[in-house]
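Working notes, beginning with the structure itself.
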Amino acid sequence: MGLKLAVLAAALVAAAPLPRGASFVQARQLGDGSFAEAGRPGYPQLTAWAALGLRAAGSAPRARAATAEYLVAHESELSSATDLALAALAEQALGQRPDRLLARLQTLQRPNGSVGGLVNGTAWSVLAFRATGTPIRRRTIRWLLARQSRAGGWGWTARAADSNDTAAVVEALRATGVGGRPIRRALRFLLGFRNRDGGFELTQGRGSDAQSTAWVAQAFLAAGKPPPRGALAYLRRLQRADGSFRYSRRYSATPVWVTAQVLPALARKPFPLR
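Number 356 marks the last residue of the sequence shown (the working numbering); no jumps.
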């Protein structure tokens, strides 16, 4: 009996960061349905991240309908493929059908297969299309695969591949069923950003941060692999007493944004959310 109680207690401790983090994000909702950092106005991108983080944690905004209405009302403020796709994913998570956002994304599709011409916008668009059942062109997947660097990663340019863009592309490719050598190369590339504290960094030499670590964890999960050893423990060590997560051991900026991005990794859920 003592062993069973000890196991249960350990499980509760391990699970605690998730509900505490979700509660912190929920408390940052404003009256208009948006989410904001302390002392700042709400804006669509942060609101979308909050909605996705809460959904991954098995929760929702306290005023869910107001959040959905806010995102719909502010669609015109979004222009990049990344932002449009992010909002589409959030609206979908809130039970809305983001038809206008999807139509705008489709107008950004180029003959070469990219969406908006950038790797990150194309990867996020693939995630939004997959989440909503929108057809994805084969040339879009070929375009992403062709942008993989010799080292195995993706970024704004082949020479500037980073952990975050690489993780997002891995999630997008896995969502469309791509596996094999491109994914194996990408995972090896991501392991090159791991530090001794168990965390991962955006680019070499920057030091570990919560968001990069969360992205890498999600990429491995999308590939059907467990998060790298120490990654989730690193994230849990960054949680503060109020439930939020620090950006890193040294910095605690933008806690709503950071916490919203950490929650899916701790919930072991890659994008697109199921």
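Just so you know, even glycine gets a beta-carbon here, dropped at the ideal spot from N, CA and C. For clarity, every value in this text was computed on a predicted model and none was experimentally measured.
Are residue i and residue j close, meaning C-beta to C-beta below 8 Å?
i	j	result
ALA257	LEU187	no
PRO310	LEU273	yes
LEU100	ALA139	yes
GLN178	ARG144	no
GLY325	SER105	yes
THR248	ALA268	yes
LEU284	ASN246	yes
GLY280	ALA305	no
ALA133	LEU176	yes
ARG212	PRO352	no
PRO264	GLN286	no
GLY234	ASP244	no
TRP131	ALA296	no
PRO126	GLU159	yes
ASP114	ALA147	no
By the 10 Å Cβ neighbour count, where 16 or more other Cβ atoms means buried, how is residue i classified, buried or exposed?
i	result
ARG241	exposed
ARG232	exposed
PRO123	exposed
ARG220	exposed
SER294	buried
THR189	exposed
ALA349	buried
GLU173	buried
ALA292	buried
ARG137	buried
Report, in whole angstroms, the separation of the C-beta atoms of residue i and residue j, which I expect to be a contact under 8 Å.
i	j	result
ALA254	GLN300	The pair is not a contact, with the Cβ atoms about 11 Å apart (cut-off 8 Å).
VAL201	TRP238	7 Å
PHE271	VAL298	At roughly 10 Å, the Cβ-Cβ gap does not stay under 8 Å, so PHE271 and VAL298 are not in contact.
THR222	PRO180	In fact, because the Cβ distance is near 18 Å, the residues do not count as touching under 8 Å.
What separation, rounded to the nearest whole angstrom, lies between the Cα atoms of residue i and residue j?
i	j	result
VAL344	ARG192	32 Å
TYR329	GLN111	20 Å
GLY103	LEU171	20 Å
LEU153	ALA167	12 Å
THR216	SER207	10 Å
GLU157	ASN277	39 Å
GLY195	ALA250	17 Å
VAL340	PHE327	6 Å
GLY259	GLY289	32 Å
LEU183	ALA169	8 Å
GLY203	ARG318	30 Å
ARG331	VAL338	16 Å
LEU128	GLY135	10 Å
ALA98	TRP225	41 Å
ALA205	LEU320	28 Å
ARG322	ASP165	29 Å
GLY121	SER162	26 Å
ALA335	TYR316	17 Å
ALA93	ALA155	Below a pLDDT of 50, predicted positions are generally treated as unreliable, and ALA93, at 46, falls in that range; the measurement from the model is reported next regardless. Roughly 41 Å between the two C-alpha positions.
What are the partner residues of residue i, as DSSP defines its beta bridges?
i	result
PHE117	GLN111
ALA243	GLY237
ASP291	PHE282
GLN174	Bridge partners of GLN174: none, in fact.
GLN191	VAL197
PHE327	GLN321
ARG144	Answer by DSSP bridge pairing: none, since ARG144 is not bridged.
ARG219	In DSSP, ARG219 forms no bridge with anything.
ARG179	According to DSSP, ARG179 bridges with nothing at all.
ARG212	None, per the DSSP bridge assignment.
ARG276	PHE282
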